[in-house]
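A.B. asks: Once you've had a glance at the structure underneath, I'll fire off some questions.
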Amino acid sequence: MTKEFLINFVKLMEKDSLSESDLELVSLGNSLGLNLEPLSKLWASQEESFVDKIRDKALQSMSSHHQNTLDHKDSFYSGSIDFMIRTFDGNIDYFLLETNGASHRGLSILTKKQQSMVYEGYFGAVSQAIQKNENDTGKILIVVGVPINDGLIHEKALLLDYLRNKITQKGFKTRVFNVYTYKSNFTEDIAFLIADYQQLLSTLSFENYWVKFKNDKVNVLIGDGIARRIEDPQFKALIRNDFRKIRSIIINPVYLATDDKALSYLAKHFVNEKLESYHIAKFLFTRAFNEEDLISKIKTAIQKYNKPFVIKPYAGSGGAGVMPIFPHKLNQEETKIRKIISDSKEEFYVKFMNNRTPYPYTIQEMAKFSLINWNEGRRTYDLRIYLSQIEDKIIPIGGLARIARGAYISGIRKEEFVVNLSGYGGKIEVERGLGLSEKASKVLNLELNHFVDIFCNSCIIFKSIADNYQRIINFSDWDKFIGPK
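Position one of the sequence shown corresponds to residue 581 (the numbering used here), numbered consecutively onward.
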């Protein structure tokens, strides 16, 4: 199936340019062998003018103190971030769940204008590669990574069409390959190579500070999953300590921080004072590096804080391995704690096989959340916000609300609090998604100023990840829980 997807992809992209009808979601899906009709309904629920108002107010709020201006333009290009909403004593605040790097998904549910704004961040990286290559007679190779059997591969067609048009306007010739059609001696100025992560495992290497596909230098890598799978020791050391020495441009090179939920929380912790005016929630969190460390810290959470917590495996997605910890149910009984950890790891490995380790685990105070009326029940939800770098600023683009699959009863069942639209067996359930709109705001019991706060929080947290990357990566004081005392 992957081969069929990639062959269909290249066949589609062999057109000199794609028409508006080619890029319409249902038509695009048909060209690639996908049913995108459900996604088109979610796309239609977006209200662009409503989001424009939110963005304008957020940018105005952040402008006076340059709260969304990056120190460097090469550490963040595009990403997304998830929040839960809490209502208490008539007030609302926002509970950070996780950040996502440039492999984030769901961009095709944004409006065409919003998609272009997101893709402008990627084009910034391509422009940097072109500029670096001005004194080199060689060609530019851009590698685009996708998951195996990617049900959202159409989003890469939208991205590549945007990039290709922008590049062509600069007078360059382009071509799109897959691993079956790739020619090392391509005659075009810029080539895109699309491949799934498994295909790239055996073909990528690192030599003389360049990532290479076979023996060809890779100028730009699109997809954190590509860099994550490069096992070269020197590459790993540079990503951690000095990623700017790597000559290939990675979108984003700070993926170690966005992969690890505890490190994302640490980035937020470092800028909590700046976030206070935007009503960010403070919470307890730490990391555990092995099973005994995890058991010990779960016991501390139960004994010292007597609050619900959740454990989250490293670099997980779709809620795989996320487990609630309720003090009154465990009573520090090690057998019960070990059973929860075992269930978490089993669920994690079912999704990721043995290709990843779940450690270090994040232990996080459970989000306090608001419930909304949905399908004759009360449900949790979160908000995903997409961001992009335009010039040297992080710009909030748009997003969606994602509503839990099951009604909230006790918080024990995963379906009560895991909201990912593709979190159950890979099935995409877009009927639980809402585009940002005036209508959606009423369903969510939110007002425009609440969305403004969330947009501002999103930018400031990602700026902290980009600007404080070394401080975050090198942080070592994980013996205790971090957060409010």
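The C-beta atom is built at its ideal place from N, Cα and C for all residues, glycine as well.
Which residues share a DSSP beta bridge with E787?
C.D. replies: W790
A.B. asks: Tell me the DSSP secondary structure of Q749 in three-state form.
C.D. replies: helix
A.B. asks: If we ignore side chains and look at the alpha-carbon of each, how far apart do A638 and Y988 end up?
C.D. replies: 32 Å
A.B. asks: Is the Cβ-Cβ distance between D812 and S785 less than 8 Å?
C.D. replies: The answer is yes: Cβ separation under 8 Å.
A.B. asks: Which of helix, strand or coil does DSSP assign to Y894?
C.D. replies: coil
A.B. asks: Is G1005 helix, strand or coil by DSSP?
C.D. replies: Because the pLDDT at G1005 is just 49, under 50, the model does not fix this residue reliably, and the point stays unresolved.
A.B. asks: Given Q779, which residues of its chain have a CB within under 7 Å of its CB, disregarding the five upstream and five downstream residues?
C.D. replies: V759
A.B. asks: Quick one, which of G805, F906 and I1052 has its alpha-carbon nearest V851's?
C.D. replies: For V851, the closest C-alpha among the options G805, F906 and I1052 is that of I1052.
A.B. asks: How about the segment 749–764 and the segment 586–598: do they share at least three Cβ pairs that are nearer than 8 Å?
C.D. replies: yes
A.B. asks: Whole angstroms is fine: what's the gap from Q1050's alpha carbon to N821's?
C.D. replies: 7 Å
A.B. asks: Nearest to I770 by CA position, among S782, K792, V800 and V791, is which residue?
C.D. replies: V800
A.B. asks: Is it buried or exposed for F869, if we count other Cβ within 10 angstroms and need 16 for buried?
C.D. replies: exposed
A.B. asks: Opposite W954 in the DSSP bridges: which residues?
C.D. replies: G957
A.B. asks: Taking the beta carbon of K848 as the centre, do at least 16 other beta carbons fall within 10 Å, making it buried, or is it exposed?
C.D. replies: buried
A.B. asks: Out of Y885, V890, F863 and L818, state which residue places its alpha-carbon closest to the alpha-carbon of L874.
C.D. replies: V890
A.B. asks: Would you kindly check if the distance between the Cβ of F1035 and the Cβ of G659 is under 8 Å?
C.D. replies: no
A.B. asks: Please list the terminal residues of the continuous alpha helix (DSSP H) segment that includes G991.
C.D. replies: No alpha helix (DSSP H) contains G991, which DSSP labels as neither H nor E.
A.B. asks: With L843 as the anchor, note down where its alpha helix (DSSP H) starts and where it stops.
C.D. replies: Unbroken alpha helix (DSSP H) run through L843: K841 to F850.
A.B. asks: Consult DSSP for A1061 and reduce its assignment to one of helix, strand or coil.
C.D. replies: Per the sequence shown, the amino acid found at residue 1061 is Phe instead of Ala. Three-state result, F1061: coil.
A.B. asks: I'd like the span of the beta strand (DSSP E) that includes L616, first residue to last.
C.D. replies: Where L616 is concerned, there is no enclosing beta strand (DSSP E), given that its DSSP letter is neither H nor E.
A.B. asks: D636: which of V1032, D651, A981 and L1024 sits nearest, CA to CA?
C.D. replies: By alpha-carbon distance to D636, the top candidate from V1032, D651, A981 and L1024 is V1032.
A.B. asks: Identify, in the order they occur along the chain, each residue of the same chain with its Cβ nearer than 6 Å to the Cβ of K794, setting aside the five sequence neighbours on each side.
C.D. replies: T783
A.B. asks: Would you mind reading off the limits of the beta strand (DSSP E) that contains S658?
C.D. replies: S658 to F668
A.B. asks: Once DSSP output is grouped into helix, strand and coil, what is the label at D804?
C.D. replies: Three-state DSSP puts D804 in a helix.
A.B. asks: Classify Y966 as helix, strand or coil using the three-state DSSP reduction.
C.D. replies: strand
A.B. asks: Does the structure place the segment 917–926 close enough to the segment 950–967 that three or more beta carbon pairs sit under 8 Å?
C.D. replies: no
A.B. asks: By how many angstroms is the C-alpha of E945 removed from the C-alpha of E914?
C.D. replies: 20 Å
A.B. asks: Quick one, which of Q969, L1026, N1000 and L1001 has its alpha-carbon nearest I1040's?
C.D. replies: Q969
A.B. asks: Mind checking who R982 pairs with in its DSSP beta bridge?
C.D. replies: D962 and G1013
A.B. asks: Per DSSP, which residues does T937 bridge with? Please list them.
C.D. replies: Note: T937 sits in no beta bridge, so no partner.
A.B. asks: Report buried or exposed for Q647, applying the criterion of at least 16 other Cβ atoms within 10 angstroms of its Cβ.
C.D. replies: buried
A.B. asks: Let me check understanding here. Comparing Cα to Cα, which of I722, A737 and F752 lies closest to Y762?
C.D. replies: I722
A.B. asks: Give me whichever residues DSSP pairs with D776 in a beta bridge.
C.D. replies: The secondary-structure analysis by DSSP pairs D776 across a beta bridge with V726.
A.B. asks: What is the rounded straight-line gap between the Cα of K797 and the Cα of N729?
C.D. replies: 26 Å
A.B. asks: How long is the line joining the alpha carbons of I587 and F772, rounded to whole angstroms?
C.D. replies: 14 Å
A.B. asks: Please classify P940: is it buried, with 16 or more other beta-carbons within 10 angstroms of its beta-carbon, or exposed?
C.D. replies: By the neighbour-count rule (16 or more Cβ atoms within 10 Å), P940 is buried.
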